[in-house]
Amino acid sequence: MKELTDRALNLAQTKGASYADIRVVERQRQDISVKNGAVQEMSLDSAMGFGVRVIADGAWGFASSHRLSPKEVDRVTDLAVQIARASALAKTGDVDLGPPEAHQDTYRTPVEIDPFTVPLNDKVSLLLEADREARAVKGVKVAESSLVCIRENKTLASTEGSFIEQEIIETGLGLVVRAVAQGEMQQRSYPNSFGRHQGTAGWEFTRKWDLAGNARRIAEEAVALLKAPQCPPGVTTLILDGPQLALQVHESCGHPIELDRVFGTEAAYAGTSFLTPDKYNSLRYGSQIVNLTADAVTPTGLGTFGYDDEGVPAQKTDIVREGLFVGYLTSRETAQQLRRIHADAPQRSNGSMRADGWNRIPIIRMTNVSLQPGDWNLDDLIADTDDGVYMLTNKSWSIDDKRLNFQFGTELAYEIKKGKLGRMLKNATYTGITPKFWGGCDAICNRDHWNVWGTANCGKGQPGQVAHTGHGAAPARFRNVQVGVMK
Amino acid sequence: MLGKDKMQAVAEKVLGFSEADQTEVLIFGKDEQLTRFAVNTIHQNVSETNATVRVRCVFGKKNGVASGNDLGDEALRKVVESAQTVARFQEDNPDFGSLPGPGKLETSPAFFESTAACAPQTRARGAAAICSLSRENGLEAAGAFSTAVDELMAVNSLGVSAYHCGTIAHIVTVIMGPDSSGYAQADNMDVTALDPETIGRVAVDKALKSKNPTDLEPGEYTVILEENAVADMVDTLGYLGFSALAVQEGRSFMNDRFGQKITGDRITIWDDGHDPRGMMLPFDYEGVPKQKVMLIEKGVATGVVYDSFTAGREKGKTSTGHSLPAPNSWGPYPMNLFMAPGEATKEEMLAATEKGIWVTRFHYTNPVHPIKTVLTGMTRDGTFLIENGRITRPLKNLRFTQSILEALSSADMLGRDLKLIKADWENFATCVPAARIRNFRFTGTTEF
Chain A
6 MKELTDRALN LAQTKGASYA DIRVVERQRQ DISVKNGAVQ EMSLDSAMGF GVRVIADGAW
66 GFASSHRLSP KEVDRVTDLA VQIARASALA KTGDVDLGPP EAHQDTYRTP VEIDPFTVPL
126 NDKVSLLLEA DREARAVKGV KVAESSLVCI RENKTLASTE GSFIEQEIIE TGLGLVVRAV
186 AQGEMQQRSY PNSFGRHQGT AGWEFTRKWD LAGNARRIAE EAVALLKAPQ CPPGVTTLIL
246 DGPQLALQVH ESCGHPIELD RVFGTEAAYA GTSFLTPDKY NSLRYGSQIV NLTADAVTPT
306 GLGTFGYDDE GVPAQKTDIV REGLFVGYLT SRETAQQLRR IHADAPQRSN GSMRADGWNR
366 IPIIRMTNVS LQPGDWNLDD LIADTDDGVY MLTNKSWSID DKRLNFQFGT ELAYEIKKGK
426 LGRMLKNATY TGITPKFWGG CDAICNRDHW NVWGTANCGK GQPGQVAHTG HGAAPARFRN
486 VQVGVMK
Chain B
619 MLGKDKMQAV AEKVLGFSEA DQTEVLIFGK DEQLTRFAVN TIHQNVSETN ATVRVRCVFG
679 KKNGVASGND LGDEALRKVV ESAQTVARFQ EDNPDFGSLP GPGKLETSPA FFESTAACAP
739 QTRARGAAAI CSLSRENGLE AAGAFSTAVD ELMAVNSLGV SAYHCGTIAH IVTVIMGPDS
799 SGYAQADNMD VTALDPETIG RVAVDKALKS KNPTDLEPGE YTVILEENAV ADMVDTLGYL
859 GFSALAVQEG RSFMNDRFGQ KITGDRITIW DDGHDPRGMM LPFDYEGVPK QKVMLIEKGV
919 ATGVVYDSFT AGREKGKTST GHSLPAPNSW GPYPMNLFMA PGEATKEEML AATEKGIWVT
979 RFHYTNPVHP IKTVLTGMTR DGTFLIENGR ITRPLKNLRF TQSILEALSS ADMLGRDLKL
1039 IKADWENFAT CVPAARIRNF RFTGTTEF
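Protein chains in written order, with my numbering: chain A, 6 to 492; chain B, 619 to 1066.
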């Protein structure tokens, strides 16, 4: 491996690159799904390749290939330099990466049981058991349970002297149950929405989430939702459960703090950000009790690794401290750009550059962006709420291109009357404007209710990339929120 | 490019390695380059060469799938062994019948050498032209100029053998001022049909006209939706309910409505992988020739698309050639949607509108209720108030929450021209007209 990486780096420099890195990535993925008692999907996918990123004539170029051979490394490296020179035709300044990053290290996701060593029969049995429990409930039309295991081995080498080898392992599982009747369809998911909850962990991750043990409950909820009244419109007090709040954090905090968005480099697709540099260290993002952090070190977080894809070590950063906006997700290049505006900004990247595979360049992605826990017990929080709605598990999400106006829908909701959970409500939605919403946060549950949830479907970039991000969250309460948007 | 002969040779090798009752081989070849720009500079510029082999092995009613992107003999053998191992561990799927047999294939002229040979310098000059135009007007351009060659081979042990090679060129730009933005997009199989400057001018014009946006209270308004916004709604219908799987699972808006009116008379939507106005693909991911499928005909729910699995569940049904690669929990999918045009130009729609909102496109749309087809999203990059047949002022962006089928029921004018809109990430495109729609429901606003 080192021979090939050295070959690419040496050739890049010979061709005139002032910086080069090469990533060799091999990814294996196993997917199993069961639907209505039948194993629908059982697949094992492997992909391997390499990508060379260079700066030549002060501009970026990148080329990649699935063919790992000396001849192909030469072709791709040469192409990367040509592409960089073409980029320079429209440059307005030279790329500035700031101080060098040079690390030689290895990292492996700590796991107890390698998920790829678990027999296929055991995996299928786990899913079939959950399926049986769910479909034992009358009125269930579809039950779908799924498992995923991922292993990514990657090597990063750079002309600055980095040589880093990492193995990242992920395991995920989930159950979705749908009930259908007379033009209405309702679903419930466990442990999280959109098929599954996932983490950087081994097979032991599946033991924490008892799919079969929760299957009947969520199936009964899905059926009950068919007859539940629609969430009525109004401005009220809202309590969000952990999984829904995790997605709220992802959309309304995680994305606008991506510094590449702030500087306009994602405008053509995902958009920009309302957290412009003038708001750094000055905007009141949320109430005094809101503390948000970003890190790549939380155990089992989907955003946890040893080094990012620029070779910057994993670390933790404050994003919002007691309601004040104080931090971004940065790269080496954007860290320098921020320092030119705010001389007191950190000189180094905080390690948020991640690439989806060998054939994509690293761009700023969330790691584990989390709302820190508070002091409340959930039962006490509900008892303390005179009138409101408790919403659980995301079903729908949408937000504007600066990350201000959002609208979410959840699978399940309950009205709260005089401190008690009341009627079940269906088709619950809520909407708001980000800083106003977080400004209304007046209670957050404690660490007993806190979990780092996995979002395995975050899309960004052109060509598109999917990132796996983590979000720690415990249930929290928000005042004066518009609910019941759907007619 | 691998080419048909090389792909055929790989496929035959794979079939030779397999001991399964039935075997399917899909080979995807990709050569894609994308030049990305923002803040009037090229900031990302990438190239990818890849080839993936996906093997499905069938033992009785057990299916297993494995894939890899190393085309060497040893690696291919391992992929086949993995697929066989996985299949053998499977449980029987009682709904599985058989892989499909060969059908009559047509070739589709979807390859343009000009696109395949497009050099980094050509894309860079195109991006530079848009950036230059933007700079001249005191604005900032962001966007992407991409060219790609995509090859697909589908072969199986029952005699299916299908090969397709297509090119696609795509230019998109968002041009921004301090408080305004404009958008333009164009797609064509032939890169020489795209003129970056012309595309840039459309976006610059919108960005200049949308300076100093003003507030408008949410409510129900007449809207003129440009083609991108209409495509968003039609694509969502495809995702929610034009699949036989959605109907079989009871979650489609078509359920129990076949033969009934579900939207306006003016609305006819179909899927056709052979139409040269679209992004042609003559067969699906099982090698079954694509059929033209009428989905909604003059407002009446008419049909849905099938793959061999969903067809096998219904007596008398056959695949319409809409499978996705196995294993496929999504079900069959319409990748070449068309909506019938009307007779009006956008200028005529504008002139005929007393009060309304002009919408360039939607952003971050998401279904809220799949069966009622309620969709939410924001407007973006060029939203304007219409008064007495003219655009009078730019607007801050609005959120809508609206049933798509109800909206299309209120479409009283459709554009006479169809525009090809390629999906952002995926390899499919939709061909739709603009539309004027009454009583479109906006439920919120934002600050810009």
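Ideal placement from N, C-alpha and C gives every residue a C-beta, glycine not left out.
In the structure shown, the three-state DSSP call for B/Met-794 is strand. For B/Lys-973, the enclosing beta strand (DSSP E) covers residues 973-987. When Cβ-Cβ separations below 9 Å define contact, A/Gln-341 makes no contact with chain B.
With contacts defined as CB atoms closer than 9 Å, A/Val-86 and A/Ala-17 qualify as a contacting pair. Contact check for A/Asn-399 and A/Val-457: beta-carbon distance about 16 Å, past the 8 Å limit, so the pair fails to qualify. Nearest to A/Gly-362 by alpha-carbon distance, out of A/Val-471, A/Ser-287, A/Val-331, is A/Val-471.
Annotated three-state conformation of B/Ala-772 is strand, per DSSP. Using a Cβ-Cβ cut-off of 9 Å, A/Arg-344 does not count as an interface residue toward chain B, since no Cβ of chain B sits closer than that to its own. A Cβ-Cβ contact shorter than 9 Å links A/Ile-173 with A/Thr-114.
Using a Cβ distance threshold of 9 Å, B/Gly-856 and B/Asp-823 do not count as a contacting pair. Within a 10 Å sphere around the beta-carbon of A/Val-240 sit fewer than 16 other beta-carbons, which makes this residue exposed.
The shortest C-alpha to C-alpha distance from B/Val-643 to any of B/His-892, B/Gly-777, B/Val-704 is the one to B/Gly-777.
Among the residues of chain B, those whose CB is under 7 Å from the CB of A/Leu-84 are Ser-665, following chain order. The Cβ atoms of A/Asn-197 and A/Gly-356 do not sit closer than 9 Å to each other. Counting along the chain, no alpha helix (DSSP H) covers A/Tyr-195; the unbroken beta strand (DSSP E) around it starts and ends at 189-195.
The three-state secondary structure of A/Cys-258, taken from DSSP, is helix. The straight-line gap separating the alpha-carbon atoms of B/Arg-1011 and B/Ser-798 is approximately 12 Å. Contact between the stretch 755-769 of chain B and the stretch 649-666 of chain B is present: three or more C-beta pairs spanning the two stretches fall below 8 Å. With a beta-carbon spacing of about 18 Å, A/Arg-337 and A/Lys-465 fall beyond the 8 Å limit used to define contacts. Counting of Cβ neighbours within 10 angstroms places A/Ile-346 among the exposed residues, the total staying below 16. Proximity of B/His-981 to chain A, defined by a Cβ-Cβ separation below 9 Å, is satisfied. Residue contact with chain B for A/Asn-432: present (Cβ-Cβ distance below 9 Å to some residue of chain B). Residue environment analysis places B/Gly-756 among the exposed positions, since fewer than 16 neighbouring C-beta atoms fall within 10 angstroms of its C-beta.
Under the three-state reduction of DSSP, B/Val-664 is assigned to strand.
For B/Thr-659, the chain A residues whose Cβ falls inside 7 Å of its Cβ are Ala-95, Lys-96, Thr-97, in order along the chain. DSSP places B/Glu-915 inside the beta strand (DSSP E), whose first and last residues are 911-915.
By the rule that beta-carbons nearer than 9 Å mark a contact, B/Pro-894 does not touch chain A. Among the residues facing chain B, A/Arg-183 is included, as its CB has a counterpart in that chain under 9 Å away.
Setting aside the 5 residues that flank it on each side, B/Glu-666 is surrounded in the same chain by Glu-650, each with a C-beta closer than 6 Å to its C-beta; the list follows chain order. Assigned with DSSP and collapsed to three states, B/Phe-1066 falls in coil, not helix or strand.
Proximity of chain B to A/Pro-468 at the Cβ level (cut-off 8 Å) is accounted for by Glu-650, Leu-652, Val-664, Glu-666, Ser-764, Trp-1043, in chain order. Chain B has a Cβ within less than 9 Å of the Cβ of A/Glu-189. For B/Thr-703, the enclosing alpha helix (DSSP H) stretches over residues 691-707. With respect to B/Leu-751, B/Gly-795 sits apart: the two C-beta atoms are not nearer than 9 Å. Leaving aside the five residues that flank B/Leu-1038 on each side, the residues in its chain whose CB is nearer than 6 Å to its CB run, in chain order, Asp-805, Ala-1047, Cys-1049. Nearest to A/Ala-93 by alpha-carbon distance, out of B/Leu-843, B/Thr-659, B/Ala-728, B/Tyr-903, is B/Thr-659.
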